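This report refers to the structure that appears directly beneath it.
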Amino acid sequence: GAGVSQSPRYKVAKRGQDVALRCDPISGHVSLFWYQQALGQGPEFLTYFQNEAQLDKSGLPSDRFFAERPEGSVSTLKIQRTQQEDSAVYLCASSLAPGPNYGYTFGSGTRLTVV
Amino acid sequence: SQQGEEDPQALSIQEGENATMNCSYKTSINNLQWYRQNSGRGLVHLILIRSNEREKHSGRLRVTLDTSKKSSSLLITASRAADTASYFCATPREYGNKLVFGAGTILRVKS
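Taken in sequence, the protein lines are chains W and P.
The first sequence begins at 57 in this note's numbering and counts up by one.
The second sequence begins at 422 in this note's numbering and counts up by one.
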C-alpha cells in the first residue's frame, strides 16, 4: 500500500480484556517497529522486527505484551489482561532498510483506552 | 529512557516568523532525524542529518548538527498555520536497532 496502515484506529477495552492491534507496513519494507506514546510524550520503543525475526523486544513493558510478524509483512501487537496503564497510542513504523539509519514511515496509530 | 531532549517544550509564534527548536542528546550517533506530528496523527519524517554533515536544507527547513556539543537545531522559516504540530528529534540507540525520541516541542503558529 501507499503508507503504513494500522487498525483499529480506536479501541476501548475493559480492564482484563485481551486486545490485538494490527499493522500493515509498506510493501517490501524490511524493518518494522512498534512504539507506545503516552499523552504529551514522545514515542517509546517497544519492539523491532527485521523481516519475520524479532531482533529486539527490550521495550516491551511486561510479559503481557507480545508481538509477531510471522510472514515478514503484517504484524500484530497483542496485549493480554489489559491494565489502565496500557492506555496510550500504539504506533507502528516501517523502513526499507534494516536498523535506524533511514527515515521511518509511521502509521496513524491505534488509540487504546482501558476502562 | 529518552535520549533526545528538545527545547523549548512549547513555542508560539505569528505566521511569517521563523521557529527554532533545539535538541540535545547524550551518546555518539551516526545520524539524527526530525519528525513532525499533527494532533491525533502518526509522525512524519522531515529530515535526516548524518554525523559528518553540519547543515542540511529541505524547503523551508534548515537543520544543523554540532556533534561536539551533542546538539541539533531545526529552523522553520516563514512559518505557516499549517506548521502547527509537535516536533521530535530522534537518534539511534548506541547499541541496537531503534530510534529514541525526545519529548518534543509543541509549535503553535497563529494566523
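No residue lacks a Cβ here, since even glycine has one placed at the ideal position from N, Cα and C.
Model, not experiment: these values are computed from the prediction.
If contacts are defined as beta-carbon pairs under 8 Å, then residue i and residue j qualify, I think. What distance do you get, rounded to the angstrom?
{"i": "Glu-426 of chain P", "j": "Phe-509 of chain P", "result": "Their Cβ separation, rounded to whole angstroms, is 11 Å, which puts Glu-426 of chain P and Phe-509 of chain P out of contact at 8 Å."}
{"i": "Lys-447 of chain P", "j": "Lys-491 of chain P", "result": "7 Å"}
{"i": "Ile-468 of chain P", "j": "Leu-482 of chain P", "result": "6 Å"}
{"i": "Thr-138 of chain W", "j": "Ala-69 of chain W", "result": "5 Å"}
{"i": "Ser-507 of chain P", "j": "Gln-458 of chain P", "result": "5 Å"}
{"i": "Gly-98 of chain W", "j": "Phe-522 of chain P", "result": "4 Å"}
{"i": "Ser-500 of chain P", "j": "Ala-440 of chain P", "result": "5 Å"}
{"i": "Pro-154 of chain W", "j": "Val-86 of chain W", "result": "6 Å"}
{"i": "His-466 of chain P", "j": "Gly-159 of chain W", "result": "4 Å"}
{"i": "Trp-455 of chain P", "j": "Leu-495 of chain P", "result": "5 Å"}
On a Cα-Cα basis, can you pick out the residue from the options that is closest to residue i?
{"i": "Met-442 of chain P", "options": "P:Val-530, P:Ser-532, P:Thr-526 and P:Lys-531", "result": "P:Thr-526"}
{"i": "Ala-149 of chain W", "options": "W:Gly-155, W:Leu-116, W:Gln-139 and W:Gly-163", "result": "W:Gly-163"}
{"i": "Ala-503 of chain P", "options": "P:Leu-495, P:Gly-480, P:Leu-453 and P:Arg-529", "result": "P:Arg-529"}
{"i": "Thr-166 of chain W", "options": "W:Trp-90, W:Ser-83 and W:Gly-59", "result": "W:Trp-90"}
{"i": "Pro-126 of chain W", "options": "W:Tyr-146, W:Phe-105, W:Thr-138 and W:Asp-112", "result": "W:Phe-105"}
{"i": "Thr-488 of chain P", "options": "P:Asn-439, P:Ser-472 and P:Leu-495", "result": "P:Ser-472"}
{"i": "Thr-485 of chain P", "options": "P:Thr-505, P:Pro-513, P:Ser-445 and P:Ile-434", "result": "P:Ser-445"}
{"i": "Arg-65 of chain W", "options": "W:Val-86, W:Val-145, W:Tyr-158 and W:Gln-140", "result": "W:Val-145"}
{"i": "Gln-435 of chain P", "options": "P:Arg-514, P:Val-521, P:Thr-512 and P:Thr-498", "result": "P:Thr-498"}
{"i": "Leu-157 of chain W", "options": "P:Pro-429, P:Leu-453 and P:Glu-438", "result": "One point to set straight first is that residue 157 of chain W is Asn, not Leu, in the sequence displayed. Nearest option by C-alpha distance: P:Leu-453."}
{"i": "Val-171 of chain W", "options": "W:Gly-155, W:Ala-153, W:Leu-152 and W:Gln-140", "result": "W:Gln-140"}
{"i": "Phe-122 of chain W", "options": "W:Glu-108, W:Lys-113, W:Gly-128 and W:Pro-81", "result": "W:Lys-113"}
{"i": "Ile-450 of chain P", "options": "P:Pro-513, P:Leu-432, P:Arg-501 and P:Ser-532", "result": "P:Pro-513"}
{"i": "Asn-178 of chain W", "options": "W:Glu-124, W:Arg-120, W:Glu-100 and W:Leu-116", "result": "With chain W represented from 57 up to 171, any question about residue 178 of chain W goes unanswered, as that position is not in the structure."}
{"i": "Gly-128 of chain W", "options": "W:Ser-63, W:Glu-100, W:Leu-111 and W:Leu-147", "result": "W:Leu-111"}
{"i": "Val-130 of chain W", "options": "W:Glu-100, W:Leu-116 and W:Cys-79", "result": "W:Cys-79"}
Please classify residue i: is it buried, with 16 or more other beta-carbons within 10 angstroms of its beta-carbon, or exposed?
{"i": "Ser-422 of chain P", "result": "Residue confidence for Ser-422 of chain P is low, a pLDDT of 45 falling below 50, so the modelled location carries little weight and cannot support an answer."}
{"i": "Leu-102 of chain W", "result": "buried"}
{"i": "Gln-93 of chain W", "result": "buried"}
{"i": "Asp-142 of chain W", "result": "buried"}
{"i": "Ser-118 of chain W", "result": "exposed"}
{"i": "Ser-151 of chain W", "result": "buried"}
{"i": "Thr-169 of chain W", "result": "exposed"}
{"i": "Ser-433 of chain P", "result": "exposed"}
{"i": "Ala-58 of chain W", "result": "exposed"}
{"i": "Ala-109 of chain W", "result": "exposed"}
{"i": "Gly-480 of chain P", "result": "exposed"}
{"i": "Gly-418 of chain P", "result": "Here chain P comprises residues numbered 422 to 532, so residue 418 of chain P is not present and cannot be evaluated."}
If we require 3 or more residues per run, which beta strand (DSSP E) segments fall completely within the stretch 447-475 of chain P?
Segments of the beta strand (DSSP E) lying fully in the stretch 447-475 of chain P: 452-458 and 464-471.
Okay, do the stretch 123-136 of chain W and the stretch 70-81 of chain W touch, 3+ Cβ pairs below 8 Å being the bar?
yes
Can you find at least 3 beta carbon pairs, one from the stretch 457-465 of chain P and one from the stretch 476-486 of chain P, that sit closer than 8 Å?
no
Mind listing, in chain order, the continuous beta strand (DSSP E) runs of no fewer than 3 residues lying wholly within the stretch 96-156 of chain W?
Contiguous beta strand (DSSP E) elements confined to the stretch 96-156 of chain W occur at 100-106, 109-112, 121-124, 131-135 and 144-151, taking only those with 3 or more residues.
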